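**Student:** Provided herewith is a single structure, encoded as structure tokens, for subsequent inquiry.
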């Protein structure tokens, strides 16, 4: 091998060896799998760097209008395979690694997932960056460079245990530190006013240092930039304290400031946790605003035309403080008068809402905002005063209307409503599925919609086919290439052409052989991560997502117990073997969600070890769910559980990924399930339960879960078995509170109301799975109907309707 060859002229094999020697610092014939992963990453990094420089120079020279996407999470997953595919280096890298007796898939598995997100919000942001790059949209994603991310989840005796996710402990080849990009971020203190000019006398300051990750486009030389901020103390240690031996005090200031970028979503059940979370949100927003303003002023003489060249998008309410921050920058630092600044602000911001649940809409105590961000609280108060004056002119004397609109919640503890700030400060607000967007304007934002009906719109979510089909499911991707050509990667609507092979038995056989191979891989992963042996011939029933009561993992669990009891009662019936697979993390302070995880474990211990059941039923919980685990689960799933209470799930993107890989959906008429049903047809999806209007009406009429408990024999047997300790004999009362919350506590998410319909629909699933030819046809029909759910379509709509940025504008 010519290890001295330069990366720009050598083959991928020689480039890998050159980087082993010169970058990693190891002899090629002694390289470990991790060494090979790092060297291969450097090959891709070199080309990504060239693309980044070229993209930035082009955008700067043309003074392009850019999208600035502010998000608390970017769940990127592993980068190597995606980067190699975008650079068309996959085949060369695979050949180079084969010379080291290694497979690319194995080497790529040595890369840790970037711990920059938790769930659908962060994964959506990652898909969007991929599509922005692929469509050639000038774009920056901004977030926090979390040192430990959410947490690494382990299951000990059924309990979730959280550990730091030290994904950066050995560094990462994918980030580009920007030593010249550091901005001060200030907190606390007080505000003075002289000659109508405000001056914020801050009490503390932290430096925000920039680290870039380059997100490649596919089929283009364009890239997107993910700029992440690390918190760095102004002074690393108190040297005087250190020299006197007071080492704890010496490091105190460093830890006080740098913990801002340690962990995603710190436990906010304590005052210190709530303050840290507010500081996190302001930290990344303040640094990002300074950065975008600097970039704009480098290209333009003033900020007057900011809205013509920058579209700032708020991904949920976490970055909502950006509205007040831009007003502070314009008024306090650039001498804009208030009205001029506010007009500019409203043209610049747009906002995506991701939840219909009022309790999930972020609010901050006025006292905490006063303590951490006193100047911003003043600005928010003024925005609120002028906004309510405007609203009062339209509805004079309607004080209840004004209370509902106010940016300040006055009932009980006074709190700042960040969703309200986002709506008032944006020119466009969107929901993320047709039902969600409709409900937004009729429920939580109905008063705002009455004021500004044109401000609200819908843009249904999507997922990138490069990650969730081409990369996650190479077998199916190859079959699609052979059948349709490769254009589907950049135009997912090409999948509709699969309708032409629905009656092709040879295609169906290939499709199902690929599905079984994916199930074998998933079964092997289940065995290695849980020790449970499952049959790939069983129906793989999958519910993988954040553990939350509204996601209704508990309803799924009730069906598992009902099925278990039914098998014991009639073991000789023609049962369709089923493996029920859960994965997901519960927030560290969420007691009920953690209890559900433990219940899944306890029921699994009983069911999986009952010799009377054999392979008729298995129940497993896969720990530490993330992007890379999802890439194993999604292709192997037969059934996708999307069972939230109708009217609670904004959209869902897991439903799209699973259907894209040939899983049939069982779900309520909620979120994007409705649009999936419209695309695949009623016969190719299993819909059950109450619809959103029925849920609302039942709440109005009065919902009585006890009625369902007393009148459904199977449901009563399930709940009694759980409550009486059948699955927790060492602690019989362990799940009494969980059951009581359903029967006596109001069953807020109406599991008991939907139980009978859910169980009956699961019987329909069994009946269809017993007909392999018909099941395969409907699975193929699901893949064929997924074209509309590409994130390329989603981003195209954002660009056209909200951001007013043209693809390939630069």
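In my numbering, the protein residues as written are 705 to 1514.
Just so you know, even glycine gets a beta-carbon here, dropped at the ideal spot from N, CA and C.
Predicted model only: the values in this text are computed from it and were never measured.
Whose C-beta lies closer than 7 Å to the C-beta of residue 1480 among residues of the same chain, with five residues either side of it excluded?
**Tutor:** 1212, 1215, 1216
**Student:** Can you tell me the Cα-Cα spacing of residue 1056 and residue 1242, whole angstroms?
**Tutor:** 40 Å
**Student:** Can you grab the Cα-Cα spacing for the pair residue 1488 / residue 1363, in whole Å?
**Tutor:** 9 Å
**Student:** On a Cα-Cα basis, can you pick out the residue from 1255, 1308, 1339 that is closest to residue 1346?
**Tutor:** 1255
**Student:** Would you mind sorting residue 1037 into buried or exposed? The rule is 16 or more other CB atoms within 10 Å of its CB.
**Tutor:** exposed
**Student:** From this set, 958, 1199, 765, 854, which residue's C-alpha is nearest residue 999's C-alpha?
**Tutor:** 765
**Student:** Name the two residues that bound the continuous beta strand (DSSP E) containing residue 1427.
**Tutor:** First-last for residue 1427: 1417-1427, but that is the alpha helix (DSSP H), not the beta strand (DSSP E).
**Student:** DSSP on residue 1514, reduced to helix/strand/coil?
**Tutor:** Low confidence applies to residue 1514: its pLDDT is 39, below 50, so where it sits in the model is not reliable enough to give any reading.
**Student:** Tell me the DSSP secondary structure of residue 807 in three-state form.
**Tutor:** coil
**Student:** Can you name the start and end residues of the beta strand (DSSP E) that residue 1346 belongs to?
**Tutor:** 1343-1346
**Student:** Considering residue 909, what are the terminal residues of the beta strand (DSSP E) in which it resides?
**Tutor:** That run of the beta strand (DSSP E) goes 908-920.
**Student:** Decide yes or no for the touch test of the segment 896-915 against the segment 813-827: beta carbon pairs closer than 8 Å, at least 3 of them.
**Tutor:** no
**Student:** On a Cα-Cα basis, can you pick out the residue from 1179, 823, 1491, 1497 that is closest to residue 1198?
**Tutor:** In this structure, 1491 is the residue among 1179, 823, 1491, 1497 with its C-alpha nearest to the C-alpha of residue 1198.
**Student:** Tell me whether residue 1368 sits in a helix, a strand or coil according to DSSP, three-state version.
**Tutor:** strand
**Student:** Using a 10 Å radius around the Cβ and a threshold of 16 neighbouring Cβ atoms, would you call residue 1061 buried or exposed?
**Tutor:** exposed
**Student:** Figure out for me which residue from 1310, 978, 1132 has the closest Cα to the Cα of residue 1072.
**Tutor:** Just measuring C-alpha positions, the residue of 1310, 978, 1132 sitting nearest residue 1072 is 978.
**Student:** When we look at the beta-carbon of residue 1172 and count the other beta-carbons within 10 Å, is it buried (16 or more) or exposed?
**Tutor:** buried
**Student:** Compare the Cα-Cα distances from residue 1069 to each of 1301, 1112, 1107 and report the closest residue.
**Tutor:** Of 1301, 1112, 1107, the residue nearest in Cα terms is 1112.
**Student:** Of the residues 1116, 841, 750, 863, which one's Cα is nearest the Cα of residue 1438?
**Tutor:** In terms of Cα proximity to residue 1438, the closest of 1116, 841, 750, 863 is 863.
**Student:** Expressed to the nearest angstrom, what Euclidean distance is found between the alpha-carbon atoms of residue 1233 and residue 1327?
**Tutor:** 8 Å
**Student:** When you compare only the Cα positions, how much space is there between residue 1413 and residue 1427?
**Tutor:** For residue 1413 and residue 1427, the gap between their C-alpha atoms comes out near 13 Å.
**Student:** Is residue 1017 helix, strand or coil by DSSP?
**Tutor:** strand
**Student:** How many Å lie between residue 743 and residue 1226 at the Cα?
**Tutor:** 29 Å
**Student:** Quick one: what's got a C-beta closer than 8 Å to residue 986's C-beta in the same chain, skipping five residues either side?
**Tutor:** 889, 891, 1025, 1029, 1076, 1077, 1080
**Student:** Terminal residues of the continuous alpha helix (DSSP H) containing residue 827?
**Tutor:** 824-839
**Student:** Assign residue 1353 to buried or exposed, taking buried as 16 or more other Cβ atoms, counted over all protein chains shown, within 10 Å of its Cβ.
**Tutor:** buried
**Student:** Decide if residue 1441 is buried, meaning its Cβ has at least 16 other Cβ atoms within 10 Å, or exposed.
**Tutor:** exposed
**Student:** Given 8 Å as the limit, is there contact between the segment 875-883 and the segment 912-927, that is, 3 or more CB pairs closer than that?
**Tutor:** Yes, they touch.
**Student:** Taking 7 Å as the limit between beta carbons, can you name the residues of its chain near residue 1305, skipping five residues before and five after?
**Tutor:** 859, 862, 1325
**Student:** Just the Cα atoms here: how many angstroms apart are residue 709 and residue 728?
**Tutor:** For residue 709, the predicted model reports a pLDDT of 42, less than 50, meaning its position is unreliable; a value from the coordinates is still stated below. Going by the C-alpha atoms only, they are around 16 Å apart.
**Student:** Starting from residue 902, follow the beta strand (DSSP E) in both directions and report where the run begins and ends.
**Tutor:** 901-905
**Student:** Can you give me the start and stop residues for the alpha helix (DSSP H) that residue 1063 sits inside?
**Tutor:** Premise fails: residue 1063 is in no alpha helix (DSSP H) and is neither H nor E.
**Student:** Roughly how many whole angstroms lie between the Cα atoms of residue 1383 and residue 1020?
**Tutor:** Linking residue 1383 to residue 1020 through their CA atoms gives a straight-line distance of about 27 Å.
**Student:** For residue 1002 and residue 996, I'd like the C-alpha separation in whole angstroms.
**Tutor:** 10 Å
**Student:** Select from 1145, 826, 1359 the residue whose C-alpha is nearest the C-alpha of residue 1248.
**Tutor:** 1359
**Student:** Exposed or buried, which one is residue 1404 when buried takes at least 16 other CB atoms within 10 Å?
**Tutor:** exposed
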